[in-house]
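Visitor: Residue numbers (my numbering), protein chains in the order written: chain A, 2 to 313; chain B, 2 to 313.
Beta carbons: idealized from backbone N, C-alpha and C, even for Gly.
Note that the structure is predicted; figures quoted are calculated from it, not measured.
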């Protein structure tokens, strides 16, 4: 996203800096025994893609305080989901024994995620911004419903592409939509956010198949091992009857990596990448309809392109 | 709480019925693959003590819709904490092996808790009630901070009584305070809620020591096994040097039950019960200062008494 920052003169980096300050404040400014989960999530940084969408949709002329507040709130919600995901991924065993650390780590992570989520609402409510609270609450409901849908559909290779897309819309695109609407309440921007968010998820799913682990920070086929049915797998199963017959319950790291190669061999990854590019293009077309400064349109288009470039 | 319902003519039971309908709607009215956790938490019923506080503080003449909405929202937050607690208590092993069910159960429970919490905020935000959202968000932050404090202080017999009370205020009393304030924004009612909530927690901690399990639904000494330092334990350690030297890390079910007997033998339970009674009395005195109908005052006093009677 360096291109976006370079092209935005001074105002965007300075507001993103304020978001960082606010995030730090929300996480450790209250003398709590801070969960390491939250501290490490904050330290890990991340792209701050969602705050950037809030700030860009709001534009330079918008009230800086309310835009920064909303940008911080949405990142807190995003961080809450990351921390809660860690609860699930944490290994319950070390050398065949349950660890005290695993238990207390999980307890802390659940509470820390709840804290981040609640602080997000407190931050918006304190500003008396009812519409923003409403948008964020609806988005948070969507995220949780998406997560439940993912668990419900796990290991079921029979789910349709539409069901996959609906789940991605809830689980990922919802927060992108919300980021844009928090910046500027305009249906074109909602649809821009939705398309960019969906593309982001599709490309993330491609990356799970391609790796490399050095870059993604996780083993190839992590989704397969979790039983998460992604579009690359759905496309590959349609093209290769052998893929359809794989029992995901029986996979280990080695057979998951083999399945990744088999998915790649069907050409499914190209198909999915193409779909993601089309979504980004559709999202960018929505920007034409939004009533705001040409600079905002250009910068948002750069963000949309950046989502693709990260994965190419 | 039957006494409260009997004394309140028709309006309270009918509004509590509306809260039940709203809860059911919030939990399964959206076609989601519903986490069993939420369904069973709802079915389990519970005393609906917090919704009752909201409705009684609001009174018969308050706008029914906004009181019912707030009562539902606070119970959703309470249910979210119960569901998230289950995430932590779930046994990670079955016959020495991690179970698939343990993993998917945990995943579902985290998401279900997030869903309940987010729905609570959505419910209040949709009514455009900014002050209520603010109160609830602050309470939710307090709950999470209390949970983090509990984990931080676990197994540390050196924590002070004040630190214990501060944690109870965050972890339990916060939601009672919030319930009262959602009903009627008055500092006397906040303090009433705080005192009743603290008493509730103290008596709950006594019950962990006394059992019987048939009544509490959990083994005696569950708090001890979790490393949770409660007032009965703090009082007993002050009276009996042998208790001070116990290493909670080394307890199993049998030695935890022995420690319960030892705590009881110090007379600590009577001391704690007495403290709880004093808190209830202090809470009831606060009711004198609140500006509302005599019927509300009487019914709230009955609720406060009911908290004690449940445990006597």
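CA-CA distance, residue 138 (chain B) and residue 205 (chain B)?
Guide: Cα to Cα, the separation comes out at about 25 Å.
Visitor: Suppose the cutoff is 6 Å on Cβ atoms and the five residues either side in sequence are ignored; what does the same chain contact list for residue 184 (chain B) look like?
Guide: Here the set comprises 55, 58, 59.
Visitor: Should the segment 128-146 of chain B be regarded as contacting the segment 158-168 of chain A, the criterion being three or more beta carbon pairs within less than 8 Å?
Guide: No, the segment 128-146 of chain B does not touch the segment 158-168 of chain A.
Visitor: Excluding five sequence neighbours on each side, which residues of the same chain lie with their C-beta closer than 6 Å to the C-beta of residue 155 (chain A)?
Guide: 228.
Visitor: Within its chain, find whatever has a CB closer than 6 Å to the CB of residue 18 (chain A); leave out the 5 residues flanking it on each side and keep chain order.
Guide: Excluding positions up to five away in sequence, the list is empty.
Visitor: Return the CA-CA distance between residue 263 (chain A) and residue 120 (chain A), expressed in angstroms with no decimal places.
Guide: Roughly 44 Å separates the two Cα atoms.
Visitor: Please state the DSSP three-state secondary structure of residue 15 (chain A).
Guide: Note: residue 15 (chain A) maps to helix in three-state DSSP.
Visitor: State buried or exposed for residue 279 (chain A), treating a residue as buried only when at least 16 other CB atoms are found within 10 Å of its CB.
Guide: By the neighbour-count rule (16 or more Cβ atoms within 10 Å), residue 279 (chain A) is not buried but exposed.
Visitor: Assuming residue 281 (chain B) contacts residue 232 (chain B) (C-beta within less than 8 Å), just tell me the rounded distance between them.
Guide: Incorrect: roughly 15 Å between the Cβ atoms, too far for contact.
Visitor: Helix, strand or coil for residue 230 (chain B) per DSSP?
Guide: Looking at residue 230 (chain B) - three-state DSSP - the assignment turns out to be coil, as it is neither helix nor strand.
Visitor: Can you confirm whether residue 320 (chain B), when its beta carbon is compared against all beta carbons of chain A, has any partner nearer than 7 Å?
Guide: No information on residue 320 (chain B) is available, as it lies outside the stretch 2 to 313 that chain B covers here.
Visitor: Looking only at its own chain, which residues have a Cβ that is under 6 Å from the Cβ of residue 189 (chain B), when we skip the five neighbours before and after it?
Guide: Cβ neighbours of residue 189 (chain B) beyond the five flanking positions: 287, 290, 291.
Visitor: Should residue 267 (chain A) and residue 302 (chain A) be called a contact, given that it needs their Cβ atoms to be closer than 7 Å?
Guide: Contact flag unset, no.
Visitor: Can you check whether the C-beta of residue 191 (chain B) is within less than 7 Å of a C-beta belonging to chain A?
Guide: So, not an interface residue.
Visitor: Tell me the rounded alpha-carbon separation between residue 81 (chain A) and residue 305 (chain B).
Guide: So the two alpha carbons sit approximately 36 Å from each other.
Visitor: Where does residue 161 (chain B) sit, in a helix, a strand or coil, going by DSSP?
Guide: Three-state result, residue 161 (chain B): coil.
Visitor: In chain B, which residues lie with their C-beta within 7 Å of the C-beta of residue 139 (chain A)?
Guide: Under the 7 Å cutoff, chain B gives 123.
Visitor: Is residue 301 (chain A) helix, strand or coil by DSSP?
Guide: Of the three classes helix, strand and coil, the one that applies to residue 301 (chain A) here is helix, per DSSP.
Visitor: Between the segment 42-72 of chain A and chain B, which residues of the former have a C-beta closer than 7 Å to a C-beta of the latter?
Guide: Cβ contacts with chain B: none found.
Visitor: Determine the chain A residues that contact residue 129 (chain B) at a beta-carbon separation under 9 Å, and present them in chain order.
Guide: The contacting residues are 131, 132, 135.
Visitor: Should residue 21 (chain A) be flagged as near chain B, meaning a C-beta pair shorter than 7 Å?
Guide: For residue 21 (chain A), the answer is no, since every Cβ of chain B falls outside 7 Å of its Cβ.
Visitor: Look at the Cβ atom of residue 212 (chain A), then the Cβ atom of residue 257 (chain A), and state whether they are nearer than 7 Å.
Guide: The answer is no: Cβ separation not under 7 Å.
Visitor: Could you check which residue in B:242, B:269, B:261, B:226 has the C-alpha nearest to that of residue 250 (chain B)?
Guide: Measuring from the Cα of residue 250 (chain B), the nearest candidate turns out to be B:226.
Visitor: At the level of alpha carbons, what is the spacing between residue 111 (chain B) and residue 87 (chain B)?
Guide: Going by the C-alpha atoms only, they are around 9 Å apart.
Visitor: Got a sec, what are the start and stop residues for the alpha helix (DSSP H) residue 267 (chain A) sits in?
Guide: Taken as a continuous stretch (DSSP letters only), residue 267 (chain A) belongs to no alpha helix (DSSP H), as it is neither H nor E.
Visitor: Can you tell me whether residue 310 (chain A) is buried or exposed, with buried defined as 16 or more other CB within 10 angstroms of its CB?
Guide: That one is exposed.
Visitor: Can you list, in chain order, the residues of its chain whose CB lies under 6 Å from that of residue 96 (chain B), leaving out five sequence neighbours each side?
Guide: Here residue 96 (chain B) scores only 47 on pLDDT, less than 50, and its place in the model should not be relied on; the value that follows carries that caveat. Cβ within range, chain order: n/a, list empty.
Visitor: Any residues in the segment 139-164 of chain B with a beta carbon nearer than 9 Å to a beta carbon of chain A? Which ones, in chain order?
Guide: Answer in chain order: 139, 140, 141, 142, 143, 144, 145, 146, 147, 148, 149, 150, 151, 152, 153, 154, 155.
Visitor: According to DSSP, is residue 150 (chain A) part of a helix, a strand, or is it coil?
Guide: If DSSP states are grouped into helix, strand and coil, residue 150 (chain A) belongs with the helices.
Visitor: How long is the line joining the alpha carbons of residue 127 (chain B) and residue 131 (chain A), rounded to whole angstroms?
Guide: Approximately 8 Å, taken between the alpha carbons.
Visitor: Please confirm whether residue 225 (chain B) has its beta-carbon closer than 7 Å to some beta-carbon of chain A.
Guide: For residue 225 (chain B), the answer is no, since every Cβ of chain A falls outside 7 Å of its Cβ.
Visitor: Determine, for residue 85 (chain B), whether the minimum Cβ-Cβ distance to residues of chain A falls below 7 Å.
Guide: So yes, residue 85 (chain B) belongs to the interface.
Visitor: Could you have a look at residue 185 (chain A) and say whether DSSP puts it in helix, strand or coil?
Guide: Correct three-state label for residue 185 (chain A): coil.
Visitor: Would you tell me roughly how many angstroms separate the C-alpha atoms of residue 216 (chain A) and residue 208 (chain A), rounded to the nearest one?
Guide: Their backbone Cα atoms lie some 9 Å apart in a straight line.
Visitor: Is the shortest distance between the beta-carbon of residue 111 (chain A) and the beta-carbons of chain B less than 7 Å?
Guide: Closer than 7 Å: yes.
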